[in-house]
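**Q**
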Amino acid sequence: MLLPHQPLQEAAVPSPRISSARDQAGPWHSEAVCRRDEAGLFFAPSKEPTAARLSREEAAKRVCARCPVMVECREHALLQPEPYGVWGGLTAAERRVVLARRRRREAELARATRVAAAG
Ligand code: SF4
20 MLLPHQPLQE AAVPSPRISS ARDQAGPWHS EAVCRRDEAG LFFAPSKEPT AARLSREEAA
80 KRVCARCPVM VECREHALLQ PEPYGVWGGL TAAERRVVLA RRRRREAELA RATRVAAAG
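In this text, residue positions in the sequence shown follow this note's numbering: the first is 20, and each later residue adds one.
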């Protein structure tokens, strides 16, 4: 099974990251618009200049915007978490921000629950 935005040439080369993601992936993969990322939009080549990276990421996000499984893909990338590439319309840096907000909200909720339980 090909993963979303897995280049064809990588499909025959098992890697721990791809195997791990595949093992925990849901059926949403089969609907991914980016199943064959032959343009290399979703992952940065080495030593990519900033302007090129921003342009590539915006192009990847445009693909994600028309993907029917964007929500599932985004949650997968947040829960794994996937450390690289554009997933679910978010870059790795944007996912880190989302995860930090979630952790902060969970900590606030836990604190409020403890205060309420203490009376
Ligand atoms: S949301 Fe983007 S990265 Fe995720 S499966 Fe769809 S096109 Fe691929």
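Note that beta-carbon positions come from the ideal geometry of N, C-alpha and C, so glycine has one too. Being a predicted model, the structure only gives us computed values, none of them experimental.
Say whether the stretch 49-61 touches the stretch 80-90, bearing in mind that this needs 3 or more beta-carbon pairs closer than 8 Å, one atom from each stretch.
**A** Touching, per the Cβ criterion.
**Q** What are the complete alpha helix (DSSP H) segments, minimum 4 residues, inside the stretch 80-105?
**A** Runs of the alpha helix (DSSP H) inside the stretch 80-105: 89-98.
**Q** May I ask which residues mark the beginning and end of the alpha helix (DSSP H) holding arginine 114?
**A** Start and end: 111-137.
**Q** On the three-state DSSP scale, how would you describe arginine 54?
**A** Looking at arginine 54 - three-state DSSP - the assignment turns out to be coil, as it is neither helix nor strand.
**Q** With C-beta atoms as the reference, is cysteine 92 less than 8 Å away from alanine 51?
**A** Yes.
**Q** Mapping the DSSP letters down to three states, classify serine 65 as helix, strand or coil.
**A** Note: serine 65 maps to coil in three-state DSSP.
**Q** With DSSP collapsed to three states, give me the class of proline 33.
**A** With a pLDDT of only 29 at proline 33, under 50, the local geometry of the prediction cannot be trusted, and the value read off the model is given with reservation. Reduced to three states, the DSSP call for proline 33 is coil.
**Q** Could you check what DSSP says for leucine 60 in three-state terms: helix, strand or coil?
**A** Here leucine 60 sits in coil by DSSP.
**Q** Can you list, in chain order, the residues of its chain with a C-beta nearer than 6 Å to that of glycine 104? Leave out the 5 residues immediately preceding and following it.
**A** Hits under 6 Å: Phe61 and Phe62.
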